[in-house]
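Input: a single structure, listed below in structure tokens.
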Amino acid sequence: MTKILVTGGLGFIGSHICVSLLEKNYNVIVIDSLINSDEDNLLSIKKICKFSNNFSNHITFFKGDIKDKELLINIFESSIEDNNPIDAVIHLAGLKSVKESVEQPLEYWETNVFGTMILLEAMKKYNCKKIVFSSSATIYKPIIDELITENSALGPISPYGSTKLAVENMLGDLIKSKPNEWRITNLRYFNPVGAHISGLLGENPKGRPNNLFPILLKVASGEYEKLSIFGNDWPTHDGTCIRDYIHVMDLAEAHISALDLILKSSPFFLNLNIGTGKGKSVLEVVETFKKVNRCEFKYAFNSRREGDSPYVVADNRLALSKLDWKPKRNIDDMCRDAWNWKFKSKK
Ligand code: NAD
Ligand code: UDP
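Given below as structure tokens:
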């Protein structure tokens, strides 16, 4: 049974990836410090697998930090002792708030960059040289009105984005040093949203959320009084910012395809934009959310948020051609599934 180590596997995206891996009968090991997630997600993953008879239930969880060298060594060694070594790693563990990274840059460099270095050292030691890395569209230089390709100019404007680019460079150096050994797929996510259709898994960040969807859920449920829309004077058709929202299960399925690629192909390093290629404005998201969920809530226009770009949409053609994958869910599904999770989980 192919064994995959998923770092950050109980987080928003990681937990959905675990479901997709188990659906494909992989043996899954998760390491997560729970700094931004909850062990409940493990129970939810197991519940989804139990309801779906043909899913595997091989999932093992280690609570811990990727910076903990001893723990990583333990995980790799015990897999070897069991005669079932780890075949590849999907590396999601990290801190992800743009705003927080401006306030605490060193914590971001320590976890995202130093943490990845420790992980890569352990992988090298145990000759596990296949990795799918969670990068982000924040590594690109802001551009207006054009789709972003993998060759668009790089230029992160936040410490968070800088740490993602630093890891990409580290992975690039690694493959240059041993071109015949490493297989690396670097996925640059656009805006993952939505939830598992069961309503058992969704996005539940600790602390006050900063991203649009978790805030929308709190507004729609009455927890917050209204949505503050950051700017209505941007150079877009309705004055609000446009993003490429992608359903978290489409993103999870992209990882399965990326994994197939690194398990089967010869050594390579590939950057891929993972988005739908379609942009939606904040107002369009708000109207869709209200329509599909038959709910009402208030919003007000506020000033622009510092560091925002008006238009961030992926040119996803390279991903469509390299992966046996395409996004299947639309913005209606994203709004419906997110709300279904909020409603059922009462979180
Ligand atoms: P998340 O915070 O829900 O998941 C990250 C998980 O990593 C959490 O469960 C957290 O507890 C864990 N973690 C953090 N630091 C750790 C450490 N040192 N050791 C072990 N575990 C640790 O975030 P997410 O949205 O699921 O994002 C997953 C990855 O995707 C992150 O690397 C993030 O930067 C990247 N990404 C996310 C988005 C997005 O909008 N959600 C966009 C682009 C890229
Ligand atoms: N946004 C907003 N109000 C909020 C949160 C977000 O208007 O309370 C807007 C934000 O300006 C951006 C879009 O929603 O245009 C998506 O924001 P998010 O933080 O989710 O993603 P990112 O900007 O990092 O792509």
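Reading the sequence shown from the start, the letters are residues 20 to 366 in the working numbering.
Glycine is no exception: its CB is placed at the ideal position from the N, C-alpha and C atoms.
Just checking my contact of Asp-334 with Ile-167 at CB under 8 Å: how many whole Å lie between their CB atoms?
6 Å
How long is the line joining the alpha carbons of Asn-188 and Ser-285, rounded to whole angstroms?
21 Å
Under DSSP, the beta strand (DSSP E) around Thr-26 begins and ends at which residues?
From DSSP, the beta strand (DSSP E) with Thr-26 extends over 22 to 26.
Buried or exposed: where does Glu-222 fall if 16 or more other Cβ atoms within 10 Å of its Cβ makes it buried?
buried
Using beta-carbon positions only, say whether Tyr-370 and Val-212 come within less than 7 Å of one another.
As displayed, the chain neither begins before 20 nor continues past 366, which places residue 370 out of reach and without an answer.
Could you tell me whether any non-hydrogen atom of the ligand NAD is closer than 6 Å to the CB of Leu-53?
yes
Taking its Cβ as the centre, do 16 or more other Cβ atoms sit within 10 Å of Gly-174, making it buried, or is it exposed?
exposed
Bridge partners for Arg-348 per DSSP, in chain order?
Arg-348 pairs with nothing; no bridge assigned.
Output the boundary residues of the alpha helix (DSSP H) element that contains Lys-309.
301 to 312
What are the residues that DSSP puts in a beta bridge with Pro-211?
Ile-265
Alpha carbon to alpha carbon, what distance is there between Asp-164 and Thr-295?
Going from the Cα of Thr-295 to the Cα of Asp-164 covers about 16 Å.
The ligand NAD and Thr-130: does any heavy atom of the ligand fall closer than 6 Å to the residue's C-beta?
Checking the Cβ of Thr-130 against the ligand NAD gives yes.
Counting along the chain, where does the alpha helix (DSSP H) carrying Asn-55 start and finish?
Going by DSSP, Asn-55 is part of no alpha helix (DSSP H) at all; its letter is neither H nor E.
Pro-233 to Lys-149 span [Cα, whole Å]
33 Å
Look at the Cβ atom of Leu-24, then the Cβ atom of Val-108, and state whether they are nearer than 7 Å.
Yes, the Cβ-Cβ distance between Leu-24 and Val-108 is below 7 Å.
Is Cys-354 close to the ligand UDP? I mean its beta-carbon at under 6 Å from any heavy atom of the ligand.
no
Closest to Phe-288 by CA distance: which of Gly-28, Ser-196, Ser-39, Ser-34 is it?
Ser-196
Could you check if Leu-282 is buried or exposed, using at least 16 other CB atoms within 10 Å of its CB as the buried criterion?
exposed
Classify Ala-172: buried if its beta carbon has 16 or more other beta carbons within 10 angstroms, exposed otherwise.
exposed
Is the segment 134 to 143 in contact with the segment 303 to 315, if contact means three or more CB pairs nearer than 8 Å?
no
Hey, Leu-339 and Leu-206: beta-carbon distance below 7 Å or not?
no
Rounded to the nearest angstrom, what separates Lys-86 and Asn-199 at their Cα positions?
27 Å
Helix or strand or just coil, what does DSSP make of Phe-441?
Summary: the structure shown does not reach residue 441, with the chain confined to residues 20 through 366, and so no result is reported for it.
With DSSP collapsed to three states, give me the class of Thr-157.
helix
Identify the residues that DSSP records as bridge partners of His-110: which are they?
Thr-26, Phe-152
First and last residue of the uninterrupted beta strand (DSSP E) at Leu-291
Where Leu-291 is concerned, the enclosing beta strand (DSSP E) starts and stops at 287 to 293.
Spatial distance of Ser-217 from Ile-67 (CA atoms)
C-alpha separation (whole angstroms): 8 Å.
Report the option in Ser-181, Lys-341, Asn-251, Lys-297 whose CA atom is closest to the CA atom of Pro-319.
The residue you asked about is not Pro; residue 319 is Ala in the sequence shown. That would be Asn-251, whose Cα lies nearest to the Cα of Ala-319.
Quick one: give me the first and last residue of the beta strand (DSSP E) that Ala-172 is part of.
First-last for Ala-172: undefined, no H or E at that position.
Between which two residues does the alpha helix (DSSP H) containing Ile-234 stretch?
231 to 239
Starting from Thr-259, trace the alpha helix (DSSP H) in both directions and tell me its first and last residue.
For Thr-259, there is no enclosing alpha helix (DSSP H), as DSSP gives it neither H nor E.
Could you tell me whether any non-hydrogen atom of the ligand UDP is closer than 6 Å to the CB of Cys-260?
yes
Specify the secondary structure class of Arg-202 as computed by DSSP and reduced to three states.
strand
Tell me whether the beta-carbon of His-35 lies closer than 7 Å to the beta-carbon of His-266.
Contact: no.
Going by the CB atoms, is the gap between Ser-276 and Asp-352 shorter than 7 Å?
no
Could you give the DSSP three-state label for Val-47: helix, strand or coil?
In the three-state DSSP reduction, Val-47 falls in the strand class (E or B).
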